[in-house]
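Residue numbers (the working numbering): 2 to 223.
All C-beta atoms in this analysis are idealised placements derived from N, C-alpha and C, irrespective of residue type, glycine included.
Treat the numbers as computed from the prediction; the structure is a model and nothing was measured.
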Ligand SMILES: [Zn+2]
């Protein structure tokens, strides 16, 4: 059996981060820990940090880092992640969160193997996002290059496949600029600690996965 891995995956919109996180989770047989999902789950389950997060969200306030890290900790300390590792997707978002995550993982005796920045330049990202089409019923993603088989009708559910309203060029440029501003210090933080590898996100999903696995496996052998 393939050994597990503890990974943080970063990447701007359009890099295919969600897809590669799912594939990596399958490859290393570890949970794909998407912070959006675990937030919703911990609020619903009424966990200690979930309840505290909910108070801020109901008040329309930003959830403090300490509570976000608490929610992540609750998830990463469950048996599957403890035993084999995790692919962390959507967290950390800032250098301060990276620092808090690092401390927490150190306390728990499960340090990261590697942080990966899935790299795509802004023009390529813009093109991919502008070409993106999505099923209005089940959210399956298509593109103008890979449309559904029949006339913008979803292959899965027969729903209408459309361009999302917020996928206009201006809106995409704004999201990409916001991401850069927020993430550059985070990437620098990991780079200074020699725990960042940049992987080219251009190519077929299989090619990108091969690059990822090869970078991760060679790091783990170091
Ligand atoms: Zn559909």
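Two segments are said to touch when three or more pairs of C-beta atoms, one from each, lie closer than 8 Å; by this definition the segment 105-115 does not touch the segment 55-64. The C-beta of residue 4 has fewer than 16 other C-beta atoms within 10 Å across all chains shown, which makes the residue exposed.
Residue 181 has its CB no nearer than 7 Å to any heavy atom of ligand 1.
It is roughly 33 Å from the alpha-carbon of residue 86 to the alpha-carbon of residue 144. In the displayed model, residue 75 falls within a helix according to three-state DSSP. In the same chain as residue 196, and ignoring 5 residues on each side of it, the C-beta atoms closer than 6 Å to its own belong to 116, in chain order. By the beta-carbon neighbour count (other beta carbons within 10 angstroms, threshold 16), residue 163 is exposed. Placement of the Cβ of residue 185 at a distance of 7 Å or more from every heavy atom of ligand 1 is found.
According to the DSSP secondary-structure assignment, residue 33 is paired through a beta bridge with 88. In this structure the segment 62-75 does not touch the segment 3-17; the number of beta carbon pairs closer than 8 Å is below three.
In the three-state reduction of the DSSP assignment, residue 126 falls in the helix class, which pools H, G and I.
Here residue 70 really is in contact with residue 98; their C-beta atoms are around 7 Å apart, less than 8 Å.
For residue 124 and residue 152, the gap between their C-alpha atoms comes out near 28 Å. DSSP places residue 120 inside the beta strand (DSSP E), whose first and last residues are 115-120. Contact between the segment 26-40 and the segment 76-90 is established, with three or more Cβ pairs separated by less than 8 Å. DSSP places residue 171 in the uninterrupted alpha helix (DSSP H) bounded by 170-193. Shown here for residue 51: same chain residues with a beta carbon closer than 6 Å to its own, the five before and five after excluded, namely 43 and 44 in chain order. What you get when you keep residues with a C-beta closer than 6 Å to any heavy atom of ligand 1 is 136, 138, 139, 141, 155, 157, 158 and 160. Taken through DSSP and simplified to helix, strand or coil, residue 156 comes out as coil.
Following the DSSP letters along the chain, one finds residue 6 inside the beta strand (DSSP E) bounded by residues 6-12.
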